[in-house]
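K.L.:
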Amino acid sequence: MKISNARRRLAPLAVAGAAALVLAACGGDDGNSDDANAASDDTANSDNSSDDDDQQDDQDDDTQDSAGDLSGSVVVDGSSTVAPLGEAAAELFMMENPGVRVTVGTSGTGGGFEKFCNGETDISEASRHIKDEESEICQTSGIAYEGLTVANDALTVLVHPDNPVQCLSVEQLNQIWAPDSNLSSWDEIDGIDYDAALDLYGPGTDSGTFDYFTEAINGEGGAQRTDYNNIGEDDNTGIIGVEGSAGGMFYVGFSYYVENQDRVKALEIDGGDGCVAPSLETVQDGSYSPLARGLYIYPSDSALEKPEVLAFVEYFINNADPIAEAAGFIGMTDEQANEARAQVQTLVGG
Amino acid sequence: MSTDEKDAPPRTARTRLAVAGARATTESVFGARPRGDRVSNRLFLALLLLGLAVAMAGLATMIIWAIVEGSPRLNMDLITNGPSTLNIDQAGYRPAILGSIYVIGGVIALILPLGVGAAVYLEEYADKSRWWNRLFELNIQNLAGVPSIVFGILGLAFIVRQPLGLGFVPAAGAITIALLVLPTVILASREAIRAVPPSIREGSLALGATQWQTTWRQVLPAATSGILTGVILAVARAIGEAAPLLLVGAVTFVTFDPSFFSPGFTTLPTQIFDWAGRPQEQFQVLAAAGVLIMLALVLVMNSFAVWLRNRFEQKW
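In order, the protein sequences belong to chains Y and A.
For the first sequence, numbering that gives the first Met the number 0 assigns the number 0 to the initial residue and increments by one for each residue that follows.
For the second sequence, numbering that gives the first Met the number 0 assigns the number 0 to the initial residue and increments by one for each residue that follows.
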């Protein structure tokens, strides 16, 4: 009596367990059959790939007629700054190539390179160039790569909308952000007459934005005063901080300024040749200096042997403008696009 | 003669003293009390209510914020569509919801046998006088306090890469999270097993049942409701984890439905975390709506578990 009772009571658990097993088994089957499909399609496509190569040169326009029957997967990982770009590219690419599965991860530039040099991803996204110690790991595991510029960004210095200051020179920025700086008020900056406490916001020290800004302004990557509000990876916090503080200052990627123009003001930057405001034109013609930066993707040579990865990278370069616009970044110049194409050629041909 | 006296109501000096003492005690507990006691009593009650109010206010603020902020996006797109950067207003959480369900399903399938098994060994079989059993106990208690990111690194090194080499798949995420919440389940299951009266075991053993039969047919059914409480706590923690999953391969942009053993998956917390930090306001609205989906998912899972637990509730 007692025993059968216990059995009956355990029945739902047994059912749940069985369901879980079935679920897992189904998952396994899916995985296997997908892999099998991918493998067979790879072989089917391998004889097309030479055709693709021939077509590359005249593929400057958007259409990729031969690519519609591609399949397989493209694994992209890396910088969370570049991720919106990769996602927009993936989305547009998959509309034309529904058989290809593109995934985009956000392990960070450093974490992305770690996986990339371990052969676990096809393309690594980065908001800075690969470091020497990272490229050594890639070399030991035999992974060759090229860093392609796929878009541009303007590091934008944001202040409160009521702040009368319009422009700061690199020297003045350095005065504020230098590692040994102890300025606490705006009127302590040379040539500024604005009486408000200096309230500094900046990204966390792991971020590529931090590396680039400190390199450009303080001359040494990673060197910056430490008594600022470290907002970590959440850039929206910096916007909220500056919006609520008359003497606030924050530096961040251009897209965060574009989305919040009614809440904060962007300063013009004087890199030695007069004040220049951040914009699409000033970044592309190179006059917004030194705070304009490139955003990169690093495809590996072995990944580019897969036709779907090659097609994705080419699509990325050929459609850089709509992709950058969708993601809130600034597109490539023609020279940058041509250089990126040449780099792909060396990886594929070399 | 003496026996007659004992049967009659006792009226000796000693019993009178005892009765007076009992009366005084009763009065001091239930009767009118000094003013100071009443005040401190009220204060304590007020403190308890304040604690409850703070907890409830925090929860209510979060839910109301999520509803207000996320309300423009509360429609079917939210659960039937995948992520989109081009078309944020139609983006949704479909792959993230499925990914979360896969990972949590895997976690439950792993922690139930492993957690309950470990607890049964430690409570019913382990010889506490052996040093290694005490070492196990100590380590399980310590593991419950290890930060989750450490388990993420462990998962990346040993489950995603060698020796298990599963790759960046939902199964690897499930194993990692299962290891993370296993101590919770073991500790709760041990408490539940310990609460089963020894008389139940002794009765079963006395009737000739083996130790295994006693454990499986008497102790475990009696402890099920306590074990399920532990599982509810563990699952609630597991479903909210984002950091370790990022390390073992949860990405932030997957447009296809995941499957358990193939790469390319995401979960609700990772997707919400990513979108909350985007510059576009539509993404932040989407993140708030995602919080509501997650609350709903937790509520559904916990309701099922509570229903199960009530079915197994045992009284002696």
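Just so it is clear, CB atoms sit at the ideal spot from N, CA and C, and this is done for glycine as well.
No experiment lies behind these values; they were computed from the predicted model shown.
1) Touching or not, the segment 91-106 of chain Y and the segment 69-77 of chain Y, by the rule of three or more beta carbon pairs under 8 Å?
2) How would you list, in chain order, the residues of chain Y whose beta-carbon sits under 7 Å from the beta-carbon of residue 83 of chain A?
3) Report the three-state DSSP secondary structure of residue 315 of chain Y (helix, strand or coil).
4) Output yes or no for whether 9 Å exceeds the beta carbon distance between residue 225 of chain A and residue 188 of chain A.
5) Just reading off the beta strand (DSSP E) that residue 166 of chain Y is part of, what are its end residues?
6) Using 8 Å as the cut-off, can you tell me whether the segment 209-216 of chain Y makes contact with the segment 281-293 of chain Y, which would need three or more C-beta pairs spanning the two stretches below that distance?
7) Can you tell me the Cα-Cα spacing of residue 279 of chain A and residue 254 of chain Y, whole angstroms?
8) Indicate the three-state DSSP secondary structure (helix, strand or coil) for residue 168 of chain A in the structure shown.
9) If contact is defined by three or more beta carbon pairs under 8 Å, each pair taking one atom from either stretch, is the segment 293-313 of chain A in contact with the segment 108-118 of chain A?
10) Counting contacts by CB-CB distance shorter than 9 Å, is residue 161 of chain A in contact with chain Y?
11) Provide the residue(s) that pair with residue 152 of chain A in DSSP beta bridges, ordered along the chain.
12) Closer than 8 Å, Cβ to Cβ, to anything on chain A: give me those residues from the segment 184-203 of chain Y, in chain order.
13) CB-CB under 8 Å to residue 194 of chain A, same chain, minus the five flanking residues each way: which ones, in chain order?
14) Under 9 Å, do residue 288 of chain A and residue 69 of chain A count as touching if we go by C-beta distance?
15) Does the count of Cβ pairs from the segment 149-168 of chain A and the segment 242-250 of chain A closer than 8 Å reach three?
16) For residue 96 of chain A, which residues from the same chain have a beta carbon less than 8 Å from its beta carbon, with the 5 sequence-adjacent residues on both sides left out?
17) Quick one: grab the DSSP three-state call for residue 227 of chain Y.
18) Which residues, in chain order, does the segment 229-240 of chain Y contribute to contact with chain A at a C-beta distance below 7 Å?
19) Apart from the five residues on each side of it in sequence, which residues of its chain come closer than 6 Å, Cβ to Cβ, to residue 121 of chain Y?
20) Taking the beta carbon of residue 322 of chain Y as the centre, do at least 16 other beta carbons fall within 10 Å, making it buried, or is it exposed?
21) If you measure between the beta carbons of residue 169 of chain Y and residue 268 of chain Y, is that distance less than 9 Å?
22) When every heavy atom of the ligand SAH is checked, does at least one fall within less than 8 Å of the C-beta of residue 225 of chain Y?
23) Shorter than 9 Å from the beta carbon of residue 72 of chain Y to some beta carbon of chain A?
24) Give me the DSSP bridge partner(s) of residue 248 of chain Y.
25) For residue 273 of chain A, which residues in the same chain have their Cβ closer than 7 Å to its Cβ, ignoring the five residues on either side in sequence?
26) Starting from the C-beta of residue 158 of chain A, find all residues in its chain whose C-beta is less than 8 Å away, skip the five residues before and the five after it, and write them out in chain order.
27) Any Cβ of chain A within less than 9 Å of the Cβ of residue 318 of chain Y?
28) Compute the Euclidean distance between the alpha carbons of residue 109 of chain Y and residue 144 of chain A, then round it to the nearest angstrom.
29) Run the CB neighbour count on residue 178 of chain Y, radius 10 Å, all protein chains shown included, and call it buried at 16 or more, exposed below.
30) The segment 239-260 of chain A: which residues have C-beta closer than 7 Å to a C-beta of chain Y, in chain order?
31) Write down every uninterrupted run of the alpha helix (DSSP H) in the segment 183-236 of chain A whose length is 4 residues or greater and which is fully enclosed by it, in chain order.
32) Given a cut-off of 9 Å on the beta-carbon distance, is the pair residue 98 of chain A and residue 76 of chain A in contact?
33) Sort out for me which residues DSSP pairs residue 72 of chain Y with in a bridge.
34) Less than 9 Å between CB atoms is the rule here; does residue 36 of chain A satisfy it with respect to chain Y?
35) Here's a check: name, in chain order, each residue in its chain whose Cβ is nearer than 6 Å to the Cβ of residue 368 of chain Y, leaving out the five neighbours to either side.
36) Determine, using beta carbons only, whether residue 148 of chain A and residue 234 of chain A come nearer to each other than 9 Å.
P.N.:
On the basis of the coordinates in this document:
1) yes
2) For the purposes of this step, residue 83 of chain A is taken as the residue at position 84 of the second sequence. Result: 90.
3) Residue mapping note: residue 315 of chain Y aligns to position 316 of the first sequence, counting from 1. It is helical.
4) Counted from its first residue, the second sequence places residue 225 of chain A at position 226. Counted from its first residue, the second sequence places residue 188 of chain A at position 189. It is a contact, given that the beta carbons lie within the stated cut-off.
5) By 1-based counting over the first sequence, the position of residue 166 of chain Y is 167. First-last of the beta strand (DSSP E) with residue 166 of chain Y: 166-168.
6) For the pair of segments examined, the segment 209-216 of chain Y was found to touch the segment 281-293 of chain Y: the number of CB pairs separated by less than 8 Å reaches three.
7) Position 280 of the second sequence, counted from the first residue, corresponds to residue 279 of chain A. Position 255 of the first sequence, counted from the first residue, corresponds to residue 254 of chain Y. Straight-line Cα distance between these residues: approximately 8 Å.
8) Along the second sequence, one-based indexing puts residue 168 of chain A at 169. If DSSP states are grouped into helix, strand and coil, residue 168 of chain A belongs with coil.
9) Cβ pair count under 8 Å is below three, so no.
10) Here residue 161 of chain A refers to the residue found at position 162 when the second sequence is read from its first residue. Not one chain Y Cβ lies under 9 Å of residue 161 of chain A.
11) Numbered from 1 along the second sequence, position 153 holds the residue referred to as residue 152 of chain A. DSSP output for residue 152 of chain A lists no bridge partner at all.
12) none
13) Within the second sequence, residue 194 of chain A is the residue found at index 195, counting from 1. Closer than 8 Å at Cβ, skipping near neighbours: 222, 225.
14) Counted from its first residue, the second sequence places residue 288 of chain A at position 289. Counted from its first residue, the second sequence places residue 69 of chain A at position 70. Contact flag set, yes.
15) yes
16) As a working mapping, residue 96 of chain A is identified with position 97 in the second sequence. If we look at residue 96 of chain A and ignore the five residues flanking it on each side, its Cβ neighbours are 78, 267, 292, 296.
17) Residue numbering aside, residue 227 of chain Y sits at position 228 when the first sequence is read from its first letter. When DSSP states are grouped into helix, strand and coil, residue 227 of chain Y belongs to the coil group.
18) 232, 233, 234, 235
19) For the purposes of this step, residue 121 of chain Y is identified with residue 122 of the first sequence, where counting begins at 1. Once the five neighbours on either side are set aside, the close Cβ partners of residue 121 of chain Y are 73, 74, 302, 308.
20) For the purposes of this step, residue 322 of chain Y is taken as the residue at position 323 of the first sequence. Its Cβ being crowded by 16 or more others within 10 Å, residue 322 of chain Y is buried.
21) Here residue 169 of chain Y corresponds to residue number 170 of the first sequence, with the count starting at 1. Here residue 268 of chain Y corresponds to residue number 269 of the first sequence, with the count starting at 1. Cβ atoms of residue 169 of chain Y and residue 268 of chain Y: closer than 9 Å.
22) The ligand SAH is not among the ligands present in this structure, which contains no ligands whatsoever.
23) Working through the first sequence from its first residue, we reach residue 72 of chain Y at position 73. Yes, contact with chain A.
24) Sequence index remark: in the first sequence, residue 248 of chain Y carries index 249 (1-based). DSSP lists Y:158, Y:199 as partners of residue 248 of chain Y.
25) Within the second sequence, the letter at position 274 stands for residue 273 of chain A. Closer than 7 Å at Cβ, skipping near neighbours: 251.
26) As a first step, residue 158 of chain A is located in the second sequence; it is residue number 159 there, counting from the start. Cβ within range, chain order: 165, 171, 174, 175, 247.
27) Taking the first residue of the first sequence as position 1, residue 318 of chain Y is located at position 319. So, not an interface residue.
28) As a working mapping, residue 109 of chain Y is identified with position 110 in the first sequence. As a working mapping, residue 144 of chain A is identified with position 145 in the second sequence. One C-alpha to the other measures close to 28 Å.
29) In the first sequence, residue 178 of chain Y corresponds to position 179, counting from 1. Exposed: under 16 other Cβ atoms inside 10 Å.
30) 245, 250, 251, 252, 253, 254, 255, 258, 259, 260
31) 197-205, 210-213
32) Mapped onto the second sequence, residue 98 of chain A falls at position 99. Mapped onto the second sequence, residue 76 of chain A falls at position 77. Not a contact, by the Cβ cut-off of 9 Å.
33) Within the first sequence, numbered from 1, the residue matching residue 72 of chain Y stands at position 73. Y:100, per the DSSP bridge assignment.
34) As a first step, residue 36 of chain A must be located in the second sequence, where it is residue number 37. Cβ-Cβ to chain Y under 9 Å: no for residue 36 of chain A.
35) Lying outside 0 to 349, the shown extent of chain Y, residue 368 of chain Y is not represented and no answer is given.
36) Position 149 of the second sequence holds residue 148 of chain A. Position 235 of the second sequence holds residue 234 of chain A. Cβ atoms of residue 148 of chain A and residue 234 of chain A: not closer than 9 Å.
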